[in-house]
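One structure is given here, and the rest of the page talks about it.
In our numbering, the protein residues as written are 579 to 815.
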C-alpha cells in the first residue's frame with residue numbers, strides 16, 4: 579500500500595471507501611484526530627456509537643484485549659470502529675507485534691480498526707510492515723508557508739472570510755500548530771458576532787491580546803525574506 583496524505587484519506591472517507599485497518603502516524607495530532615473523527619462519523623450514527631465505538635490507549639491496553647474487541651461483531655450496525663491511540667506503546671514485545679500483524683493479514687471486514695501513533699520508528703516492526711500492507715496516513719506538520727492557505731481554507735469552510743494580511747498575521751502570532759490555530763480562529767468567530775470578515779485588526783484584538791511581537795519575530799521574518807510578514811510585524815511593533 580502507498581503512503582497517503584490526510585486529505586487523500588478524508589476524500590476516501592467521504593466516498594465511503596474506508597478499509598478495515600488504517601495506520602495513522604505523524605506529529606500533527608490535529609490532522610490525525612480529524613481523520614479519526616471523519617471515519618467514525620461516516621461509519622456510525624449517534625445512536626450506535628455507544629455499542630460500536632471503542633477508544634483504547636496503547637499505554638493501558640494489551641494487544642490481545644484490543645483484538646478481542648476488533649473481532650467482535652457490531653450491534654445493530656453494519657460496522658464497528660476501534661481506535662487505538664498511542665499505538666506505538668501497544669506493540670512493545672514480539673508477542674504483541676505478532677498478534678497485531680496476524681489480525682492485519684486477516685481483518686474482520688465489519689470492523690474499522692484505526693491505529694494512531696505519534697512518532698513511531700518506521701524502520702522497525704511492525705510499522706515498516708504496516709506501511710507495506712495497509713493504508714498509511716502520514717499526518718506531518720505543515721511548513722510555515724503552508725499555514726496562511728490552511729487558515730484561509732479553514733475560515734472559508736465555516737462560511738467566513740479572512741483577508742491575506744490577517745492570515746499572515748495569525749500565522750505569525752500562533753505558529754504552525756493546527757490545533758492552536760483552530761482554537762484561535764474559533765475565538766475570532768465568537769469575537770466577530772454577526773460579521774463575516776476577519777481583518778488584521780480583529781486578529782490583533784483577539785490573538786494579539788495574549789501575544790506581542792518582539793524584535794526576534796521581526797528578525798525571523800526578515801531572515802525568511804518574507805516581506806509581507808516582516809512589514810506587518812514592524813507596523814504592529
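Note that beta-carbon positions come from the ideal geometry of N, C-alpha and C, so glycine has one too.
The secondary-structure analysis by DSSP pairs residue 689 across a beta bridge with 658. Per DSSP, reduced to three states, the secondary structure at residue 616 is helical.
It is roughly 41 angstroms from the alpha-carbon of residue 767 to the alpha-carbon of residue 687. Around the beta carbon of residue 630, a 10 Å sphere encloses 16 or more other beta carbons of the protein chains shown; the residue is thus reported as buried. Counted as a single uninterrupted DSSP element, the stretch harbouring residue 643 is not any beta strand (DSSP E) but the alpha helix (DSSP H) occupying residues 641-648. Excluding the 5 residues flanking it on each side, residue 681 has same chain C-beta neighbours closer than 6 angstroms at 645, in chain order. Counting every other CB atom within 10 Å of its CB across the protein chains shown gives residue 624 a total below 16, marking it as exposed. Leaving aside the five residues that flank residue 778 on each side, the residues in its chain whose CB is nearer than 8 angstroms to its CB run, in chain order, 741, 743, 744, 747, 810. Taking the Cα positions, residue 675 is about 15 angstroms away from residue 599.
Assigned with DSSP and collapsed to three states, residue 606 falls in coil, not helix or strand.
If you draw a straight line from the Cα of residue 648 to the Cα of residue 589, it comes to about 24 angstroms.
Residue nearest to residue 618 within the set 591, 639, 718, 636 is 591 (criterion: CA-CA distance). Between residue 665 and residue 695 the beta-carbon gap is near 4 angstroms, inside 8 angstroms, which marks them as a contact. Listed in chain order, the non-local C-beta contacts of residue 633 below 6 angstroms within the same chain comprise 661, local neighbours out to five positions each way being set aside.
Distance from the CA of residue 758 to the CA of residue 585, rounded to the nearest whole angstrom, comes to 20 angstroms.
Scanning the segment 733-771 from its first residue to its last, the whole alpha helix (DSSP H) runs of 4-plus residues come out as 742-752, 756-770.
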